[in-house]
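First residue of the sequence shown: 68, per the working numbering; consecutive thereafter.
Quick reminder that beta carbons are idealized off the backbone N, C-alpha and C, glycines included.
Data block below; observations after.
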Amino acid sequence: MVATPSRHHAKDGGGDPTYQGAELKDAEEKMLKSIKQPFSKQHVKISDGNYLWTIAFSTQVQDRPTPPLVLLHGFGGGVALWAQNLDSLSSSGPVYALDLLGFGRSSHTQFSPDPEGAEEQFVTALEAWREKVGLEEMVLLGHNLGGYLSAAYTLKYPHRVKHLLLVEPWGFPARPENPNHGSIPVWIRAMGAVMSPFNPLAGLRLAGPLGPMLLQTIRSDFKQKYSSVFDDNTVSDYIYHLNAQAPSGETAFKNMTIPYGWAKRPMLDRIGQVQADIPISFIYGSRSSIDSDSGYALKLSRPDVEITVIRGAGHYVFADQPDDFNQTILNILARTEQNS
68 MVATPSRHHA
78 KDGGGDPTYQ
88 GAELKDAEEK
98 MLKSIKQPFS
108 KQHVKISDGN
118 YLWTIAFSTQ
128 VQDRPTPPLV
138 LLHGFGGGVA
148 LWAQNLDSLS
158 SSGPVYALDL
168 LGFGRSSHTQ
178 FSPDPEGAEE
188 QFVTALEAWR
198 EKVGLEEMVL
208 LGHNLGGYLS
218 AAYTLKYPHR
228 VKHLLLVEPW
238 GFPARPENPN
248 HGSIPVWIRA
258 MGAVMSPFNP
268 LAGLRLAGPL
278 GPMLLQTIRS
288 DFKQKYSSVF
298 DDNTVSDYIY
308 HLNAQAPSGE
318 TAFKNMTIPY
328 GWAKRPMLDR
338 IGQVQADIPI
348 SFIYGSRSSI
358 DSDSGYALKL
368 SRPDVEITVI
378 RGAGHYVFAD
388 QPDDFNQTIL
398 NILARTEQNS
């Protein structure tokens, strides 16, 4: 079953969410206005009264429908950050993008303080969502934290994943015994010391009305990333409102990390257990601060692992070089369909 798309100015459907940030909703809608393809949007109710905010694109049902592509954003992100990708990606088949549990317009639920428990909640929510939407299997693509959770989901529900796509995934390598402090910028070390009792984005909320201006200053690169679509502060406003909400998923992420962003439960220790018949692809940006060592480390034991490095892109590969990124994904989807 694939959600039937309606025009994107249609009313939000599904559920009666207890959380609904009007400013975030407006900021998201402004982002999504750039999309030409029709799509549906709804709060998909899952378990425990929670819901995941979802936008869905589908083409005409084909004789051999391709497995839907499901997009999971990274830490502090949301569905509208895929604004430069959705038109292109949905040209080959159904696409879903959702806000992870605890982020954006999804339920801001209470997470377990235990890293394994928090990971389990994220994964269980995704499985409940898949069941509710009615997908038998999917091509699962995750960026940053979404990459980590995509891998965790694939380990638990391998028969639901046709292809695992890891875009600049967070949380793969273990923290080195003696991390090279020289490689960590001084300002990050200072921020880490000051902010350690708080959640990673607490500073944005503490800034109050100055938050949007603070974000525009410290992340001015986002305006450039989306400059072909927006010539104002649309993107930074959206990112601000995404992260000005109750810090639910953010708290879970903090509980899953140790200082300077290493994962308490490194995925590289486990990803080798992904079933051999599930293809794994890594996508990195050539200018990213996240190195591609994890992808190559896995490739040593699984030679079929595919690694693509997109030139001129940083950590937000899909926004830095959207055309190259989109073509890379479309090529993978075409191969997935051939192998179905």
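Chain C contact for residue i (CB, 8 angstroms cutoff)
i, result
"residue 361", "Included in the structure is just one protein chain, with no chain C present."
Cβ shell of residue i (< 8 angstroms), same chain only, five flanking positions each side left out
i, result
"residue 348", "230, 231, 232, 233, 372, 373, 374, 375 and 399"
"residue 188", "168, 176, 178, 179 and 319"
"residue 345", "221, 225, 228, 229, 230 and 231"
"residue 292", "302, 383, 386 and 387"
"residue 325", "242 and 331"
"residue 368", "339"
Sequence-distant residues of the same chain with beta carbon closer than 6 angstroms to residue i, five excluded per side
i, result
"residue 238", "215, 330 and 334"
"residue 391", "377"
"residue 289", "302 and 303"
"residue 402", "none"
"residue 137", "163, 205 and 207"
"residue 394", "none"
Assigned exposure category for residue i - 16 Cβ within 10 Å defines buried
i, result
"residue 315", "buried"
"residue 186", "buried"
"residue 109", "buried"
"residue 164", "buried"
"residue 227", "buried"
"residue 28", "Coverage of the chain is limited to positions 68 through 407, which leaves residue 28 absent and any answer about it impossible."
"residue 17", "Because the chain in this structure spans residues 68 to 407, residue 17 falls outside the shown range and cannot be described."
"residue 361", "buried"
"residue 311", "buried"
"residue 396", "buried"
"residue 363", "exposed"
Sequence-distant residues of its chain with Cβ nearer than 7 angstroms to residue i (five each side left out)
i, result
"residue 224", "194"
"residue 113", "119, 192, 195, 196 and 199"
Whole-number beta carbon distance between residue j and residue i, since they are thought to touch under 8 angstroms
i, j, result
"residue 382", "residue 235", "5 angstroms"
"residue 309", "residue 145", "5 angstroms"
"residue 142", "residue 212", "4 angstroms"
"residue 209", "residue 139", "4 angstroms"
*Which residue spans inside the region 329-391 form an unbroken alpha helix (DSSP H) run of at least 4?*
360-368 and 384-387
*Would you check if there are 3 or more beta carbon pairs closer than 8 angstroms linking the region 101-119 to the region 148-160?*
yes
*Does the pairing of the region 337-352 with the region 189-197 give three or more beta-carbon distances under 8 angstroms?*
no
_Suppose only complete runs of 4+ residues qualify. What are the alpha helix (DSSP H) ranges in the region 170-221, listed by chain order?_
182-200
*Count the CB pairs spanning the region 165-179 and the region 295-315 that are closer than 8 angstroms, and state whether there are at least three.*
yes
*Could you tell me whether the region 296-304 touches the region 215-225, using the rule of 3 or more Cβ pairs below 8 angstroms?*
no
*Unbroken stretches of the alpha helix (DSSP H), 4 residues or longer, contained in the region 98-129*: none
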